[in-house]
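Protein chains in written order, with the working numbering: chain A, 8 to 266; chain B, 8 to 266; chain C, 192 to 415; chain D, 192 to 415; chain E, 192 to 415; chain F, 192 to 415; chain G, 192 to 415; chain H, 192 to 415.
All C-beta atoms in this analysis are idealised placements derived from N, C-alpha and C, irrespective of residue type, glycine included.
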Ligand SMILES: [Mn+2]
Ligand SMILES: [Mn+2]
């Protein structure tokens with residue numbers, strides 16, 4: 008950013024001279040913070056896209072979408088996240104955490120969603136940390152063996168908690184296409200997750216708010232499982248088996264059924 | 008307002024028939040209320056204009072402006088207010104008070120401002136009531152000896168309280184043009200007004216809020232009088248007399264002063 | 192300087208004090224009404240219980256009898272309001288009147304399967320149906336709010352009827368509420384509390400429609 | 192110089208007054224649109240009633256005809272807004288336009304079993320589909336909100352179709368809503384009102400799927 | 192039908208993305224304008240310093256020259272906004288435009304002792320004065336807010352002129368502000384931010400009148 | 192005079208410090224209570240799990256045993272508060288006490304299928320049931336809030352019972368909550384948080400009634 | 192079981208009723224206190240009037256005599272509150288007590304030019320200065336809030352003294368408030384309403400300092 | 192089903208607990224700093240009193256000596272912060288550090304008539320001026336906030352100097368603040384608390400300018 012004030016115009020008093028140097032420091036900090044905010048915003052958008060993409064798993068071929076999501080996240084790591092790591096290199100990350108935590112949380116949400124689809128479990132912090140660690144980096148400014156983006160536990164936990172909403176969407180959407188297993192699995196997982204979080208004493212209003220949202224999501228999934236049970240109670244056993252096995256046929260084709 | 012629903016289409020069940028009559032009643036009420044809101048809004052705008060006009064008294068010929076304001080208010084009474092009175096004739100006015108109280112309050116503010124400029128005192132409720140009473144009215148719908156707009160005490164008091172702000176503006180503006188008497192008179196009047204209102208126990212949150220605003224206005228006028236006193240302390244006696252007598256010359260004409 | 196301010200405010204004060212006395216007295220009548228309405232409501236709630244559906248008509252009859260007390264308190268209240276100042280104090284009894292309209296409407300639906308009219312409610316409350324200069328009347332919007340409260344209670348009653356093995360009542364309720372919906376759609380509602388309450392009606396209707404759906408798809412209704 | 196300022200400020204007052212006049216006039220057209228949309232909505236609601244399903248197409252045709260009035264008021268409204276000020280006053284007609292989009296979309300689904308396109312809605316409203324310099328257009332988000340409102344109404348219609356003994360319509364609705372869901376999933380929505388409304392879509396879909404499920408396990412679709 | 196919905200929604204995404212791009216781009220131009228306006232403001236502030244009064248005209252001339260940059264950024268900004276979307280994005284540049292109007296008005300008063308007109312400001316900013324179909328214009332309220340900001344700065348300048356021994360400038364300022372006040376009194380302002388800002392004007396005027404009074408009672412204006 | 196004010200204010204500081212010490216000490220006891228209550232809550236949550244319904248009584252017994260710790264901390268807390276200052280610091284333990292009442296009530300319902308009385312809760316907490324001069328008591332509203340929290344948890348439990356294949360528990364819960372509702376209807380509540388929470392009870396009740404409805408319409412309760 | 196809940200809740204109602212009775216009774220005493228405090232305040236306000244400064248001492252004496260009534264109502268209030276429930280109802284009289292402390296402090300400053308101590312205020316109010324088991328006391332924060340309200344009134348009094356031609360009183364007030372500020376600076380306040388009010392003190396002090404400044408720069412204090 | 196959830200959260204809990212311990216310890220050091228800063232502030236306040244201006248230099252010297260304690264507590268605080276986590280806990284000491292910067296800057300201005308530099312403040316506090324991996328430094332924005340607080344205090348001091356008959360100090364302050372204003376205008380401030388505080392500087396400057404104006408127009412300054 009070029010300054011319109013020509014430096015020759017500035018009176019050469021000690022005060023003005025020190026403020027000139029303060030300006031340099033402040034600008035450096037603000038510019039870095041601004042760059043991080045922009046990176047964070049792009050990361051947020053791209054992470055949301057990955058989540059949207061993964062929701063198509065209820066409709067389309069699952070493994071292909073997972074592969075695509077893997078690729079998208081990997082390219083996000085190698086581009087935007089590597090830039091974040093470079094920006095943070097040598098800094099006290101807590102000075103800039105506010106600038107990139109939103110992107111970080113949304114990224115954790117996307118990664119954990121993908122991980123759940125693969126492993127039906129919570130993504131470990133170590134995996135996220137590894138993904139955000141870069142080796143043998145050689146940028147113009149920095150040449151170093153290893154740089155990484157710090158992932159504070161609280162921000163990780165905040166991102167994870169958002170996973171609840173996405174799993175809830177997945178559970179309800181699954182029922183819509185006749186998949187009755189996924190909702191039950193998600194219900195059990197979300198209960199364990201909620202119990203774990205309830206015991207986690209990190210006094211943080213954001214956490215409390217998100218915990219409330221998580222509880223609502225869990226409640227919606229429980230109601231969905233309840234409905235499944237109730238509905239299942241009426242179906243003739245053999246029909247139910249047919250239904251479950253034909254998960255991928257999304258539409259109710261009346262003609263086919265007539266056969 | 009014509010209804011698009013053709014009445015023949017309505018099933019002739021008892022329920023639908025009674026709702027048709029409810030509709031008539033509701034529409035009548037809403038329409039009247041809507042007309043009153045519109046009248047009230049016009050009254051508000053016109054009253055504000057009268058107030059703006061009267062603020063020019065610090066700059067222009069006072070008696071002409073007062074005459075003009077008198078005329079404007081009178082025509083407002085004979086047009087909009089008479090219509091309000093016609094609308095309210097035979098009604099429980101408290102059903103519609105909310106629709107026209109804003110206009111009423113702004114009108115009371117304008118009337119009391121004008122009255123203050125004439126008499127340096129608070130306008131009596133009876134004068135406002137008289138202005139809003141109309142004799143020998145003959146409209147298409149109503150022919151009656153006398154109709155009037157009820158002025159509930161609370162709404163009258165709320166309108167009066169707003170006068171504080173306008174008097175404060177008048178006081179400060181007066182100083183700007185070298186008139187030192189008006190601010191002092193206003194200060195004394197506002198103190199008495201504030202004391203009177205403070206003793207008036209009408210528990211009403213609007214009143215409490217407006218009382219706070221009035222206190223701020225009084226405080227500004229007190230500070231202005233203080234400044235006058237302080238400034239006056241330095242002026243040579245004879246000059247001060249000159250200044251006070253030349254209230255109407257608004258500008259400081261350096262040339263003239265040189266003479 | 193001497194202003195007419197003190198005299199003015201002291202005369203105002205008299206009026207305000209007078210009004211305050213009326214207000215206190217009104218509050219006390221309203222409290223009595225609230226107490227009575229709570230008692231009737233508690234009675235009516237029992238029809239949701241296990242055997243409630245069977246005793247519904249009986250309960251409704253008892254509830255109707257309790258309106259004697261309601262009438263008494265409305266008479267008392269009416270005597271306290273100066274002529275043409277009904278709407279000055281309306282806020283005090285607005286809420287309880289809506290609730291009482293709900294109770295009257297619910298009772299009548301249980302007994303007769305039809306919507307009570309505004310004038311019938313007014314009669315049950317011992318007030319006038321239309322505004323006149325010297326009397327206490329029933330406000331139209333209060334009546335309509337009460338009717339909407341009833342609709343909400345009916346959707347709950349439809350559910351509990353099925354639990355109690357009664358598959359006919361839900362169908363009656365569904366038809367009734369559909370007609371009610373049509374009635375309300377005739378009205379030109381403003382963006383006020385009535386509109387908001389009416390917006391809630393559609394959820395009650397959907398619930399009842401789903402109950403009827405459940406009955407029909409299982410062929411439980413004996414009518415067909 | 193002395194004379195310049197008063198003249199300058201008089202001309203400013205003219206501008207301020209002018210804007211106030213436009214705003215009042217816009218409000219009045221919007222009120223007309225609201226009235227008309229309420230009437231069409233009341234008409235459409237009748238298809239949920241007992242015999243409604245059978246008359247659905249007829250009702251839809253009537254509704255479509257009532258768009259003549261809609262068109263007239265949009266024309267009136269458009270004539271009041273200089274095109275470059277569309278977004279200065281947009282909030283005034285945002286809500287009613289969403290509702291009208293819903294009505295247009297619902298009508299079209301009933302008649303043709305397909306999603307009305309944005310340009311078709313624009314045509315029905317007699318406005319431009321895309322922003323151009325000289326015209327009043329249909330905002331994209333308003334159209335999408337209207338489409339989501341329709342989805343909610345369709346899920347209710349699926350339930351009532353079954354009650355009326357029609358087992359085919361729910362399947363058609365189910366397919367249609369599934370496709371609609373796929374369409375919305377292509378959008379990268381922000382966390383705004385549109386996203387929130389879209390989040391509700393999944394419950395509507397689930398409800399319809401449940402209806403279809405109930406039909407299938409009972410072999411009802413073959414009964415027709 | 193199946194193929195229509197995905198295509199439709201893809202095109203919707205394009206529109207949504209497009210808007211996001213405009214918004215980001217607008218923000219960047221506005222940041223440049225803010226930076227420039229801060230620089231001009233810092234320059235103008237120097238006239239309050241001890242020798243500032245003497246160099247005032249010089250400073251004003253320099254400030255005027257810096258408007259070249261302002262014009263450039265407005266041109267850039269204007270090129271990004273289709274005229275009919277001016278009010279869709281107006282909030283982004285509202286604040287900075289008010290400040291720039293203040294700077295233009297202050298500069299002009301220092302140089303010519305008169306109020307800059309709205310069209311002159313528009314010219315200095317390289318935008319249109321009136322709303323036309325194809326251009327970026329200057330909003331009236333933004334201009335008026337800028338004028339009121341200038342009045343506040345002038346009252347400070349009056350005080351510092353005296354400190355610097357200049358007894359004539361305060362009288363000029365006093366006359367000018369009195370006239371300005373007369374202008375604003377012609378407007379019928381609503382209770383909005385403009386009215387609030389205008390309410391502050393009377394204190395600025397009073398301050399200047401006090402300065403003039405101090406000069407007169409000491410016969411200082413004759414001393415020069 | 193000069194010397195009086197500092198001395199006066201020094202003595203005020205002593206009072207403020209003293210209060211601060213009590214407050215800190217209270218907070219620490221309350222934190223312990225919160226920790227313990229969280230542990231009990233987490234234990235109780237397990238009954239919502241798939242096999243939870245079967246182990247419910249066992250879990251409740253374990254929970255009851257953990258009240259030993261609760262009693263200890265209340266004793267500790269009580270020792271810190273002079274009785275006449277109970278309400279000065281009440282806000283500190285209000286929330287946690289409500290939660291503990293909920294836990295006690297829930298545990299008792301699971302074990303005995305009945306409502307725990309206020310004096311029983313007081314005993315479980317090792318505090319007095321009624322206010323006396325020299326002791327730490329259980330506030331009535333805190334007890335009632337806890338009871339309402341339990342109702343909310345019970346409605347969730349009813350849902351999960353069905354999922355776990357238990358069709359009897361929901362019916363028990365429904366009866367119990369209906370009775371509870373009758374109890375609360377006897378109270379004349381102010382417009383406070385208790386009233387608000389009670390207003391929420393009806394949603395919990397409807398939810399449970401709908402669960403029972405679903406069971407009955409499918410004849411599930413007889414099937415097991 | 193069925194019979195237990197209604198009985199339990201009936202007993203709760205008794206408790207709630209009891210509390211309600213106390214609350215109503217407290218409110219009535221507080222209203223009397225408010226009325227009396229308003230009367231004293233109105234009396235004290237007269238010292239701001241033109242001739243008020245001259246009659247200040249006289250007015251203060253009259254105000255002090257009116258405390259007889261204050262004492263009576265505090266006695267009445269105290270008799271209604273069991274000591275251990277002081278803080279349960281404290282919010283009811285908190286505000287009026289702060290105002291009465293202000294009146295006592297203001298009166299004392301006018302008469303004696305010094306700060307009234309907490310125990311003196313307690314004596315004027317006929318309550319205990321310190322908390323004891325069996326009595327109604329004066330809360331420290333209420334006393335301090337009252338003192339800060341006085342400071343605010345004093346700054347207004349300083350302004351009006353000058354207007355009335357009294358140039359000495361402002362200097363006394365300035366010294367007094369500076370000392371008061373020193374006192375408050377000894378306190379370690381929490382981030383509560385007291386701290387917020389104290390933060391406002393510095394504006395009152397600056398105002399008075401500016402009044403003294405105006406007097407000194409014009410040599411007015413020596414002139415009289 | 193068994194998840195790795197409990198292990199994960201229990202390992203997190205350890206970290207969070209550890210952090211909580213540090214946080215508590217930091218708070219205690221910060222409280223000491225706050226106590227010390229309050230004492231220094233109370234000392235400095237005395238220069239506003241009647242004879243304060245004369246003893247200003249003496250007071251400043253005493254204040255400077257009290258920084259020994261400040262240094263001690265910063266050393267203590269620094270020892271508690273793990274390397275590279277300064278900004279994790281920064282919020283805890285941000286406010287007190289700003290106040291201490293203000294005290295250091297004010298002291299230095301009184302003694303030397305110049306702005307203390309950031310590195311000088313760091314030295315007075317016994318912290319590093321620039322961030323390094325292993326040390327506790329002085330944040331630039333905290334320093335700047337402190338400087339702005341000083342400016343506000345200086346404007347008050349200018350007023351009180353005149354009261355004490357010192358007409359030179361205000362002129363010095365005016366020049367100093369004008370230069371300070373120029374310095375701040377070099378900075379590109381974001382819309383944060385620093386910007387907001389800086390926006391307040393202009394009022395302080397105007398106040399001082401008006402004091403200088405009062406002095407000049409009365410020829411009180413002996414310099415000319
Ligand atoms: Mn999400
Ligand atoms: Mn006004």
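In whole angstroms, what separates the C-alpha of residue i from that of residue j?
i: residue 273 of chain G; j: residue 338 of chain F; result: 28 Å
i: residue 249 of chain C; j: residue 243 of chain C; result: 10 Å
i: residue 257 of chain B; j: residue 401 of chain G; result: Annotation note: pLDDT 37 at residue 257 of chain B (below 50); position unreliable, no value reported.
i: residue 193 of chain F; j: residue 370 of chain G; result: Only weak support is given to the placement of residue 193 of chain F: the predicted model assigns it a pLDDT of 47, under 50, and the value that follows is read from those uncertain coordinates. If I take the Cα positions, the gap works out to 7 Å.
i: residue 345 of chain E; j: residue 364 of chain E; result: 7 Å
Could you check which residue in the options has the C-alpha nearest to that of residue i?
i: residue 261 of chain G; options: G:407, G:314, G:199; result: G:314
i: residue 263 of chain F; options: F:280, F:215, F:252, F:220; result: F:220
i: residue 127 of chain B; options: B:237, B:195, B:20; result: B:195
i: residue 238 of chain F; options: F:305, F:360, F:205, F:223; result: F:360
i: residue 288 of chain D; options: D:364, D:317, D:270; result: D:317
i: residue 170 of chain A; options: A:29, A:19, A:59; result: A:59
When burial is assigned at 16 or more other CB atoms within 10 Å of the CB, is residue i buried or exposed?
i: residue 219 of chain B; result: exposed
i: residue 190 of chain B; result: buried
Which residues in chain D have a C-beta closer than 7 Å to the C-beta of residue i? List them in chain order.
i: residue 201 of chain E; result: 377
Quick one: which chain F residues come within Cβ less than 8 Å of residue i?
i: residue 226 of chain A; result: 347
Kindly confirm or deny that the region 389-406 of chain C and the region 267-285 of chain C touch, where touching means at least three C-beta pairs closer than 8 Å.
-> Using a Cβ-Cβ distance cut-off of 8 Å, the region 389-406 of chain C and the region 267-285 of chain C are not in contact, since fewer than three pairs of beta carbons, one from each stretch, lie closer than that value.
Count the C-beta pairs between the region 152-163 of chain A and the region 25-39 of chain A that are closer than 8 Å, then say yes if the count reaches three, no if not.
-> When Cβ pairs closer than 8 Å are counted between the two stretches, the region 152-163 of chain A is seen not to touch the region 25-39 of chain A, the count staying below three.
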